[in-house]
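Visitor: Got a structure for you, written out below as structure tokens; questions coming shortly.
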Amino acid sequence: MRIALFVTCLADTMFPEAAKATVTLLERLGHEVVFPTEQTCCGQMHVNTGYQRDALPLVRRHVRTFDPYDVIVAPSGSCVGSVRHQHAMVASRAGDRRLASRAESVAGRTYELSELLVDVLGVTDVGAYYPHRVTYHPTCHSLRMLRVGDRPLRLLREVRGLDLVELPAADQCCGFGGTFAVKNADTSTAMLADKMHHVLSTGADVCTAGDSSCLMHIGGGLSRLRSGVRTVHLAEILASTEHSETAGDRGAVRP
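With the UniProt record's numbering, the residue at position 67 of the sequence shown is 67, and numbering never jumps.
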């Protein structure tokens, strides 16, 4: 299968290992991954902060860039959520019905990584090896917007060497929420404290999730506590094998 990688801004500028791991994993499973070089920001930040008119050119560019591809994947529930739930709406409110229709079509072919693996490619055992005690944080967009359910957990349970431990109060937000963490810093910090308490209570070596943004927030807090617990994107765990560096101590999302 030929799959287009929607890399996302955060992976491109701050956490490229998640995107690289996505490519490594899919190629190992026998698929061709292409990177459309015309892609830019999907416009989520603009829409979430009320600047829909400014998001329109980004939506138009995203649709034009990815329309030629039958399958599109991103290592981010947040950005996939934006493509599915915001792009057509932004176009419709701007009065561009043709763009809205094309945006809906692209959205229908865009998947978060665990969705692609389980629902489209039909695999849960991806041949991964990751000898660590791991807990999984279901990010808000993946949990509530995309409803990925237990797909990431089904994938993690098949990873050899991995000891998966349940995260208490897993469905609670970590407090990041993009600009929410900046505009409501005190509330965000309190929510982060609760999340870190639950992560540490598991005794896990690693906290994983499908969004680098949430891992950045959680990882920053854990590093300030000098807890020794790392945050690692789901894609990096699934891409790990017995002979890869990420199976050891590398691959963490560094705050």
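Ideal Cβ positions, reconstructed from N, Cα and C, are used throughout, including at glycine.
Indicate the three-state DSSP secondary structure (helix, strand or coil) for residue 117 in the structure shown.
Guide: As a position in the sequence shown, residue 117 is number 117, starting the count at 1. Helix at residue 117.
Visitor: Where does residue 128 fall in DSSP's three states?
Guide: In the sequence shown, counting from the first residue as 1, residue 128 sits at position 128. Here residue 128 sits in coil by DSSP.
Visitor: Relative to the C-alpha of residue 101, which residue among 83, 176 and 117 is closest?
Guide: Within the sequence shown, residue 101 is the residue found at index 101, counting from 1. Of the listed residues, the one whose Cα sits closest to residue 101 is 83.
Visitor: Could you give the first and the last residue of the continuous alpha helix (DSSP H) run that contains residue 106?
Guide: For the purposes of this step, residue 106 is taken as residue 106 along the sequence shown, with counting starting at 1. Where residue 106 is concerned, the enclosing alpha helix (DSSP H) stretches over 97 to 107.
Visitor: Below 9 Å between beta carbons: does that hold for residue 259 and residue 40?
Guide: Summary: the structure shown does not reach residue 259, with the chain confined to residues 1 through 255, and so no result is reported for it.
Visitor: Rounded to a whole number of angstroms, what is the C-alpha to C-alpha distance between residue 186 and residue 118?
Guide: On the sequence shown, residue 186 is found 186 positions in, with the first residue counted as 1. On the sequence shown, residue 118 is found 118 positions in, with the first residue counted as 1. Using only the alpha carbons, I get a separation of about 38 Å.
Visitor: In terms of residues, what are the limits of the beta strand (DSSP E) holding residue 208?
Guide: For the purposes of this step, residue 208 is taken as the residue at position 208 of the sequence shown. Note, residue 208: beta strand (DSSP E), 206 to 209.
Visitor: Could you tell me whether any non-hydrogen atom of the ligand FMN is closer than 8 Å to the CB of residue 155?
Guide: Ligands displayed in this structure: none; no statement on the ligand FMN is therefore possible.
Visitor: My understanding is that residue 132 touches residue 206, with C-beta atoms under 8 Å, so please give their C-beta distance in whole angstroms.
Guide: Position 132 of the sequence shown, counting from 1, holds the residue named residue 132. Position 206 of the sequence shown, counting from 1, holds the residue named residue 206. With 8 Å as the limit, residue 132 and residue 206 qualify as a contact, their Cβ atoms being about 5 Å apart.
Visitor: Which full runs of the alpha helix (DSSP H) of 4+ residues lie inside the UniProt domain "Cysteine-rich" (3 to 82), going along the chain?
Guide: If we require 4 residues or more, the alpha helix (DSSP H) runs fully inside the UniProt domain "Cysteine-rich" (3 to 82) come out as 9 to 13, 16 to 28, 44 to 48 and 52 to 66.
Visitor: Can residue 114 and residue 148 be called in contact, C-beta distance under 9 Å?
Guide: Here the question's residue 114 lines up with position 114 in the sequence shown. Here the question's residue 148 lines up with position 148 in the sequence shown. Yes, the Cβ-Cβ distance between residue 114 and residue 148 is below 9 Å.
Visitor: From this set, 52, 34 and 33, which residue's C-alpha is nearest residue 42's C-alpha?
Guide: The residue given as residue 42 occupies position 42 in the sequence shown. The candidate whose alpha carbon is nearest that of residue 42 is 52.
Visitor: Quick check on residue 85: does DSSP put it in helix, strand or coil?
Guide: Within the sequence shown, residue 85 is the residue found at index 85, counting from 1. Reduced to three states, the DSSP call for residue 85 is helix.
Visitor: I need the straight-line Cα distance from residue 254 to residue 19, nearest angstrom please.
Guide: Translated into positions along the sequence shown, residue 254 becomes position 254. Translated into positions along the sequence shown, residue 19 becomes position 19. Low local confidence applies: a pLDDT of 42 at residue 254 is under 50, so the model's placement there is unreliable, with the coordinate-based value given in what follows. Cα to Cα, residue 254 sits roughly 15 Å from residue 19.
Visitor: Residue 129 to residue 172, Cα distance in whole Å?
Guide: Numbered from 1 along the sequence shown, position 129 holds the residue referred to as residue 129. Numbered from 1 along the sequence shown, position 172 holds the residue referred to as residue 172. Answer to the nearest angstrom: the Cα atoms are 29 Å apart.
Visitor: Report yes or no: do the stretch 155 to 170 and the stretch 196 to 203 share at least 3 C-beta pairs separated by less than 8 Å?
Guide: Touching, per the Cβ criterion.
Visitor: Taking C-alpha atoms, which residue in 85, 47 and 14 lies nearest to residue 179?
Guide: Mapped onto the sequence shown, residue 179 falls at position 179. Residue 179 has its Cα closest to that of 47, out of 85, 47 and 14.
Visitor: Going straight from the alpha carbon of residue 252 to that of residue 219, what length do you get?
Guide: Residue mapping note: residue 252 aligns to position 252 of the sequence shown, counting from 1. Residue mapping note: residue 219 aligns to position 219 of the sequence shown, counting from 1. Per-residue confidence for residue 252 stands at a pLDDT of 48, beneath the threshold of 50, marking its modelled position as unreliable; no derived number is given.
Visitor: Grab me the residues of residue 12's own chain with a C-beta within less than 8 Å of its C-beta, minus the 5 sequence neighbours each way, in chain order.
Guide: In the sequence shown, residue 12 corresponds to position 12, counting from 1. The answer, listed in chain order, is 19.
Visitor: Helix, strand or coil: how does DSSP classify residue 146 here?
Guide: In the sequence shown, residue 146 corresponds to position 146, counting from 1. Correct three-state label for residue 146: coil.
Visitor: For residue 91 versus residue 136, is the C-beta spacing smaller than 9 Å?
Guide: The residue given as residue 91 occupies position 91 in the sequence shown. The residue given as residue 136 occupies position 136 in the sequence shown. No, the Cβ-Cβ distance between residue 91 and residue 136 is not below 9 Å.
Visitor: Which residue from 193, 190 and 161 puts its Cα closest to that of residue 238?
Guide: As a working note, residue 238 is residue 238 in the sequence shown. It is 161 whose Cα lies nearest to the Cα of residue 238.
Visitor: Using the DSSP secondary-structure output, state which residues sit across from residue 164 in a beta bridge.
Guide: The residue labelled residue 164 in the question sits at position 164 within the sequence shown. The partner list for residue 164 (beta bridge, DSSP) reads 134.
Visitor: What do you reckon, are the CB atoms on residue 225 and residue 231 nearer than 9 Å?
Guide: Taking the first residue of the sequence shown as 1, we reach residue 225 at position 225. Taking the first residue of the sequence shown as 1, we reach residue 231 at position 231. No.
Visitor: Note down, in chain order, each residue of its chain lying with its Cβ closer than 6 Å to the Cβ of residue 250, except the 5 sequence neighbours on either side.
Guide: Here residue 250 is taken as the residue at index 250 of the sequence shown, counted from 1. Because residue 250 carries a pLDDT of 45, less than 50, the predicted location of this residue cannot be relied on, and no value is offered for it.
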